[in-house]
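>
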Amino acid sequence: MDILPAAGRPLPVGRPLSGPSPAPTLVYHPPPMQVLGLETSCDETGVAVYDSERGLLAHALHSQVDLHAVYGGVVPELASRDHIRRLLPLIQKVMNEAEIERPAAVAHTAGPGLIGALMVGSGVANGLCMSWQCPVIAVHHMEGHLLAPMLEDDPPGFPFLALLVSGGHTMLVSVRGVGRYEVLGRTLDDAVGEAFDKTAKLLGLLYPGGPSLARLAEDGDPEAFEFPRPMLHRPGLDFSFSGLKTAVMLQVRKLEASGVLDQARADVAASFQRAAVDTLVRRTLQAAEQTQASRVVVAGGVGANRRLREELAARFSGVIHFPRPEFCTDNGAMIALAGALRLADAAAPSVMRASARWPLASLMPPGVAQRPDNE
Ligand code: KG4
Ligand code: ZN
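Each residue of the sequence shown is one higher than the last, beginning at 1 in the working numbering.
(1) What does the alpha-carbon distance come out to for the pair Arg54 and Asp330?
(2) For His381, count neighbouring C-beta atoms within 10 Å of its own C-beta (all shown protein chains included) and say buried if the count is 16 or more, exposed if not.
(3) Whole beta strand (DSSP E) runs in the stretch 239-298 with 3 or more residues, listed along the chain?
(4) How many angstroms separate the CA atom of His233 from the CA atom of Leu56?
(5) Could you check if Gly8 is buried or exposed, using at least 16 other CB atoms within 10 Å of its CB as the buried criterion?
(6) Under the criterion of a Cβ to heavy atom distance below 8 Å, does Thr170 qualify as lining the ligand ZN?
(7) For a minimum of 3 consecutive residues, which ranges assigned as the beta strand (DSSP E) are wholly contained in the stretch 49-90?
(8) Using the three-state DSSP reduction, which class does Met352 fall into: helix, strand or coil?
(9) Run the CB neighbour count on Val70, radius 10 Å, all protein chains shown included, and call it buried at 16 or more, exposed below.
(10) Can you give me the Cβ contacts of Arg356 inside the same chain, cut-off strictly under 8 Å, excluding the 5 residues immediately before and after it?
(11) Please find out if some non-hydrogen atom of the ligand KG4 comes closer than 8 Å to the beta-carbon of Val248.
(12) Give me the DSSP bridge partner(s) of Ile320.
(13) Would you list the one or two residues that DSSP bridges to Gln34?
(14) Give me, in chain order, the residues of the same chain whose beta-carbon lies closer than 6 Å to that of Ser80; leave out the 5 immediate sequence neighbours on both sides.
(15) So, under 8 Å CB-CB, Leu376 and Phe322 are touching, yes? Tell me the CB distance rounded to an integer number of Å.
(16) Among Ala191, Asn305, Ala214 and Val268, which one has its Cα closest to the Cα of Phe239?
(17) Take every Cβ of the stretch 260-280, pair it with every Cβ of the stretch 203-217, and state whether three or more of those distances are shorter than 8 Å.
(18) For His233, name the three-state secondary structure that DSSP assigns.
(19) Leaving out the 5 sequence neighbours to the left and right, which residues in its chain are closer than 8 Å to Val13 when beta-carbon positions are compared?
(20) Quick check on Gly46: buried or exposed, where buried means 16 or more other Cβ atoms within 10 Å of its Cβ?
(21) Given this structure, state the Cα-to-Cα distance separating Glu226 from Ala275, to the nearest angstrom.
(22) Relative to the C-alpha of Gly300, which candidate in Gly367, Tyr28 and Glu194 has its C-alpha closest?
(23) Going by the C-beta, is Thr40 closer than 8 Å to any heavy atom of the ligand ZN?
(24) Compute the Euclidean distance between the alpha carbons of Val106 and Ile91, then round it to the nearest angstrom.
(25) Hey, would you say Met171 sits closer than 9 Å to Leu337, going by beta carbons?
(26) Within the same chain, show all residues whose beta-carbon is closer than 6 Å to that of Gly19, passing over the 5 residues directly before and after it, in chain order.
(27) Determine the contact status of His141 and Thr187, defining contact as a CB-CB distance below 9 Å.
(28) Just verifying my parser: in three-state terms, what is the DSSP assignment at Val368?
(29) Please give the ranges of any beta strand (DSSP E) in the stretch 93-170, keeping only runs that are unbroken, at least 3 residues long and fully inside the region.
(30) Return helix, strand or coil for Ser174, following the three-state DSSP convention.
(31) Flag His141 as yes when its Cβ comes closer than 8 Å to any non-hydrogen atom of the ligand ZN, and as no otherwise.
(32) Going by beta-carbon coordinates alone, are Ala125 and Pro349 separated by less than 9 Å?
(33) Expressed to the nearest angstrom, what Euclidean distance is found between the alpha-carbon atoms of Cys134 and Arg342?
(34) Measure how close the beta-carbons of Ala60 and Val94 come, nearest whole angstrom, since I'm counting them as under 8 Å.
(35) Quick check on the burial criterion: 16 or more other C-beta atoms within 10 angstroms. Buried or exposed for Pro211?
(36) When you compare the CB positions of Ala98 and Val49, do they come within less than 9 Å of one another, or not?
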């Protein structure tokens with residue numbers, strides 16, 4: 001029997017057979033489906049297989065950190081070329097580990113991200129789907145991050161409040177179900193990950209800045225400098241990190257001019273981290289109070305930050321879900337999982353999808369026609 005869903009049709013999950021009564025106990029259980037997920041939106045090539053019944057079967061990641069480190073940041077053209085080099089071997093490895101010959105569908109990150117890098121994932125996904133005669137699923141990168149805690153043993157139930165903190169986004173989202181997202185607040189300028197990266201660069205740390213800065217901060221005094229927490233006294237739930245970044249820059253210049261920067265680097269890192277984490281935690285608590293959320297999910301690369309985890313856990317009285325750190329940063333598992341939850345959106349591999357910009361709020365629940373990108 002062919003287990004593939006008809007392209008673009010919702011899967012019949014546990015739906016009772018219709019017809020004359022009495023046969024209420026007859027329930028159709030769909031066979032397990034395996035989704036191959038591909039993540040290539042930035043500087044990590046991630047591949048995974050997620051099974052609709054057994055969960056994550058296998059995942060692998062190739063990080064391009066070494067490739068971009070000499071340039072101090074991601075070079076988009078090099079990122080695309082490396083995805084091309086890494087993707088097929090990783091797919092082979094993961095499919096061998098998952099012991100499958102072909103998946104029911106291939107999900108790929110279709111945006112937002114670096115357009116050339118996204119096109120590698122999209123091209124490979126569509127090519128594989130043509131040869132395997134299976135459907136393709138275009139996944140929103142931030143939806144992948146947002147659903148990543150569902151890879152863990154104690155997945156969050158809906159509804160929940162999500163703090164999405166990555167290199168490109170800082171958002172508070174009220175989540176009522178898959179594709180039912182209300183963005184409550186977002187950054188008006190830099191993303192918090194970007195602020196970590198830029199501050200790290202200012203302190204002479206190696207790319208990627210966030211983890212290096214967090215490491216340096218371990219040896220510093222978080223009370224050494226009082227940096228601003230912009231926006232917190234304004235109404236609403238938006239963020240702003242450019243003022244914090246500028247304040248750190250002015251402090252670094254002052255320390256440099258006095259010839260004491262070297263001794264103070266760890267203190268600057270710790271004080272910056274304290275201000276950034278405090279801003280995130282306070283806004284999250286405000287959002288939880290406004291929406292009466294008793295469950296918070298933290299996702300995205302900055303979600304790997306230990307101080308953020310500790311501080312939120314200490315100050316929020318409800319339940320907090322963090323994906324394990326390797327599923328906070330970019331990975332294929334979250335894309336395979338999001339694909340499995342969006343099987344109803346699977347489409348024939350005829351149109352390649354890749355959008356550098358794609359607002360999260362434009363997503364609809366699975367099976368409902370998605371609004372066009374860039375809305
Ligand atoms: O989600 P992600 O891997 O990629 C994007 O979608 O952007 O997030 C990457 C961001 C980078 O800015 C990186 O510096 C930051 O997450 N990051 C961290 C930590 N680990 C990664 N920031 C602070 N502390 C960390 N431990
Ligand atoms: Zn990401």
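Every residue gets a Cβ at the ideal spot worked out from N, C-alpha and C, and that includes glycine.
On the basis of the data shown:
(1) 22 Å
(2) Given a span of 1 to 375 for the chain in the structure shown, any question on residue 381 remains unanswerable.
(3) For the stretch 239-298, not a single whole beta strand (DSSP E) run of length 3 or above is found.
(4) If I take the Cα positions, the gap works out to 43 Å.
(5) Here the model assigns Gly8 a pLDDT of 33, short of 50, so the residue's position is not dependable, and the following value carries that caveat. Exposed, since its Cβ has fewer than 16 Cβ neighbours within 10 Å.
(6) no
(7) 55-63
(8) coil
(9) exposed
(10) Looking at the sequence provided, one finds Ala at residue 356 rather than Arg. Contacts found: Gly111, Pro112, Gly113, Leu114, Ile115 and Leu118.
(11) In this structure, Val248 has its CB at a distance of at least 8 Å from all heavy atoms of the ligand KG4.
(12) Its beta-bridge partners are Val296.
(13) Under DSSP, Gln34 takes part in a beta bridge, and its partners are Asp51.
(14) Gly116, Ala117 and Val120
(15) Residue 376 falls outside the range modelled here, since the chain spans only 1 to 375, and no answer is possible.
(16) Ala191
(17) Yes: the two stretches touch, three or more of their Cβ pairs being nearer than 8 Å.
(18) The answer is coil: DSSP assigns His233 none of H, G, I, E or B.
(19) In this predicted model, Val13 has a pLDDT of only 38, less than 50, meaning its place in the structure is not dependable enough to derive any value.
(20) Burial call: buried.
(21) 8 Å
(22) Glu194
(23) no
(24) 11 Å
(25) no
(26) Unreliable positioning characterises Gly19 in this predicted model, as indicated by a pLDDT of 46, which lies under 50. The coordinate reading is nonetheless provided below. Correct list: empty, nothing qualifies.
(27) With contacts defined by Cβ atoms closer than 9 Å, His141 and Thr187 do not form a contacting pair.
(28) coil
(29) 105-111, 136-140 and 160-165
(30) strand
(31) yes
(32) yes
(33) 14 Å
(34) 5 Å
(35) buried
(36) yes
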